[in-house]
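Enquirer: Structure provided below as structure tokens; questions to follow.
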Amino acid sequence: MADLIPDIKGPKLSPFRGDIENVEFLKELGPDKSGWSSEDVPHSRVFRVRIERKQYALKVFNFFSIGELWPFVPGGDHLLNDELVRYHMDPFYAECRAFGLLLEKKKDDALAVRCHGYTYLPRAVEAEIQRKFGPDDWNRQSDDKGHPLRAIVKDYISSKSVCGRKRLPAMRSNVKQLNDMGIFNMDIREDNYCGGRLFDFSIAITAPHLSLWTKLRSEEQILADCQYDLGSFDVMAKKLEEQRALRRARWSEGALRRRPQNTRYAGISKRR
């Protein structure tokens, strides 16, 4: 299909088929700064929206110049070109490729949040965002002038819990399955989970990917990236378990304080 993106070898994402022109913006859920410092441009802004009476999370991406995306590969620049770097490193296309593979394998709802496709926002929708939530140039460069905003539509998860009803071993198994499929999230942390589901893939490495080329990087570097997700998950899981243990200890201590004292009944003798 001609509307699958990106137009490069590897997984691709299909477009969202809903009525995006009549989207209703309900709330801004926040900027996404995955893998970036506070001084960097956020990858996106995420909104809770209603489209045709159903609520979704709409992730609207910033633009990035090729210079901002170009990876540090000493001696390997001649093996790259602008199109390859754009489609592998741009946060929008990184998510398109990751969710494209998940949808292809029918695993998006099992291993992550369900994705409904990408979309380009009409000018009227961009104007509505600006009217309701404030101005934003979306980091547009001169080459991006006139280009519509790019977005991905996902299920809206109302749960604020990291795990929801899922257990940590099951969540870890999901991460391993992602890696086995060739998707390396590279940003496993509490903020990227809702209700036990991963929802952010804006810096994901999805095979085939330039970060996995032995012509550009050493086998040790590639292996470290392939092991990064599970290592990060184990760090996160340890922290969550420690927090749970602390809450249980505090609850037990509070319960002991609230427990009534076991005093003997002191009867009053009757007067004769």
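Take 1439 as the starting number for the sequence shown in the working numbering and just add one per residue.
Think of the CB as a built atom: it goes at the ideal place given N, C-alpha and C, for glycine as much as any other residue.
#1: Taking C-beta to C-beta, are residue 1681 and residue 1594 nearer than 8 Å?
#2: Are residue 1606 and residue 1678 closer than 8 Å when you measure CB to CB?
#3: Who pairs with residue 1637 in a beta bridge, going by DSSP?
#4: In the DSSP assignment, what residue or residues form a beta bridge with residue 1466?
#5: Which of the three DSSP states is assigned to residue 1647 in this structure?
#6: Taking C-beta to C-beta, are residue 1533 and residue 1639 nearer than 8 Å?
#7: Determine which residues share a DSSP beta bridge with residue 1590 and list them.
#8: Under a three-way DSSP split, which group does residue 1601 fall into?
#9: Between the C-alpha atoms of residue 1545 and residue 1537, what's the straight-line distance to the nearest angstrom?
#10: For the alpha helix (DSSP H) containing residue 1529, name the first residue and the last one.
#11: Quick one: using the 10 Å Cβ neighbour count with 16 as the cut-off for buried, is residue 1598 buried or exposed?
#12: Can you find the residues in the same chain that come closer than 8 Å, C-beta to C-beta, to residue 1560, ignoring five residues on each side of it along the sequence?
#13: Over the uninterrupted alpha helix (DSSP H) stretch that includes residue 1619, give me the two end residues.
#14: Count the CB pairs spanning the segment 1660–1677 and the segment 1642–1651 that are closer than 8 Å, and state whether there are at least three.
Expert: To lay it out plainly:
#1: Not a contact, by the Cβ cut-off of 8 Å.
#2: Annotated as proximal: residue 1606 and residue 1678, with beta-carbon spacing under 8 Å.
#3: Answer by DSSP bridge pairing: none, since residue 1637 is not bridged.
#4: Beta-bridge partners of residue 1466 (DSSP): 1485.
#5: In the three-state DSSP reduction, residue 1647 falls in the coil class, being neither helix nor strand.
#6: In terms of Cβ geometry, residue 1533 and residue 1639 form a close pair [threshold 8 Å].
#7: Its beta-bridge partners are 1497, 1556.
#8: In this structure, residue 1601 counts as coil in the three-state DSSP scheme.
#9: Taking the straight line from one Cα to the other gives about 9 Å.
#10: Boundaries of the alpha helix (DSSP H) harbouring residue 1529: 1529–1542, taken from the DSSP string.
#11: The residue is exposed, with fewer than 16 neighbouring Cβ atoms inside 10 Å.
#12: Closer than 8 Å at the Cβ level, and outside the excluded window around residue 1560, lie 1458, 1459, 1586.
#13: It spans 1606–1619 - the alpha helix (DSSP H) in which residue 1619 sits, taken as one unbroken run.
#14: In the pairwise beta carbon analysis, the segment 1660–1677 is classified as touching the segment 1642–1651: at least three pairs are separated by under 8 Å.
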